[in-house]
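S.K.: Residue numbers for the sequence shown follow the working numbering, beginning at 0 and rising by one.
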Amino acid sequence: MDADLAAQLQHLVDRVDTLAERVRRLNDENRSLRQQQEQLATERAALLAKNEQARVRVEAMIARLKSLEQHT
Numbered sequence: 000m001d002a003d004l005a006a007q008l009q010h011l012v013d014r015v016d017t018l019a020e021r022v023r024r025l026n027d028e029n030r031s032l033r034q035q036q037e038q039l040a041t042e043r044a045a046l047l048a049k050n051e052q053a054r055v056r057v058e059a060m061i062a063r064l065k066s067l068e069q070h071t
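#1: What number of angstroms, rounded off, separates the C-alpha of residue 42 from the C-alpha of residue 50?
#2: By the DSSP assignment, the alpha helix (DSSP H) with residue 41 in it spans what residues?
#3: Here's a check: name, in chain order, each residue in its chain whose Cβ is nearer than 6 angstroms to the Cβ of residue 45, leaving out the five neighbours to either side.
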């Protein structure tokens, strides 16, 4: 009976160890994904700003071309 109880206890200890390792790996993965998400959000904001600058420049060029067209 004691051997059976010891085996069950060891099995439980092994399962807890496995779960603890899984939690550690998932925490590491979660941390990495959060960093990646933050980096992508920063990159997206920079790209949106560049896109807005390009849009403003294109609109200004169009306005200048229309102005030149009206003067000719």
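Where a beta carbon is used, it is the ideal one built from N, C-alpha and C, also for glycine.
M.R.: Let me spell this out:
#1: The straight-line gap from Cα to Cα measures roughly 12 angstroms.
#2: Residue 41 -> alpha helix (DSSP H) spans 1-70.
#3: Taking C-beta separations shorter than 6 angstroms and ignoring five residues to either side along the sequence, residue 45 has no partners in its chain.
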